[in-house]
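In the working numbering, the protein residues as written are 9 to 127.
By construction, the Cβ of each residue, glycine as well, lies at the ideal position given by its N, Cα and C atoms.
What follows is a set of notes on a single structure, which appears directly below.
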Amino acid sequence: MITKAQHEVTGVVDDVVVQVRNEIEEKGSLRILLEKRAAESIRFGVSVRSASSNAKLNISAYNEDKRIAVADEVIVTQGNSIIYIEADKGEKIDLLTFGFTEEIKIFELDNFVVTYASN
9 MITKAQHEVT GVVDDVVVQV RNEIEEKGSL RILLEKRAAE SIRFGVSVRS ASSNAKLNIS
69 AYNEDKRIAV ADEVIVTQGN SIIYIEADKG EKIDLLTFGF TEEIKIFELD NFVVTYASN
């Protein structure tokens, strides 16, 4: 599923929750693209519910133009976390991917704080 924000994101989004329900119990992914401006860092909350200790939510940050990862991957298995992703020196984040295994039942993302990169 691809969706666009209904309003311009200006740096802090605290009234929006992205919820992914894995009702068909298959592995999949969610991509969030920063279309207009790349970021230096992104912070957000994540809540994961799963049916197994084998469940994984892999969070990766990319520079889509260069097609390279620009930060260390983060793996969440269960519960609530605050995620902070900072681009490697000299790089910018314009794509976040959330790859999930079939054991993930639901995950939610909220309270995004984006620090935009200078042009």
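What would DSSP say about residue i, mapped onto helix, strand or coil?
i: N71; result: strand
i: V78; result: coil
i: L51; result: Position check: residue 51 holds Arg in this sequence, whereas Leu was assumed. It is a strand residue.
i: T85; result: coil
i: I91; result: strand
i: K44; result: coil
i: G107; result: strand
i: G98; result: coil
i: I32; result: coil
So is residue i buried or exposed if we call it buried at 16+ other beta carbons inside 10 Å?
i: V56; result: buried
i: K100; result: buried
i: Y24; result: Note that residue 24 is Val in the sequence shown here, rather than Tyr. Exposed is the call here.
i: V126; result: Checking the sequence shown, residue 126 turns out to be Ser, not Val. The residue is exposed, with fewer than 16 neighbouring Cβ atoms inside 10 Å.
i: A59; result: exposed
Below 8 Å on the Cβ atoms is my contact criterion, and I expect residue i with residue j to pass it. Report the Cβ-Cβ distance as a whole number of Å.
i: V122; j: A47; result: 5 Å
i: V84; j: L103; result: Rounded, the Cβ-Cβ distance is 18 Å, inconsistent with contact.
i: S39; j: I91; result: Looking at the sequence provided, one finds Arg at residue 39 rather than Ser. Rounded, the Cβ-Cβ distance is 16 Å, inconsistent with contact.
i: N30; j: F108; result: 6 Å
### Query
Does the region 34 to 48 come close enough to the region 103 to 123 to have 3 or more Cβ pairs within less than 8 Å?
yes
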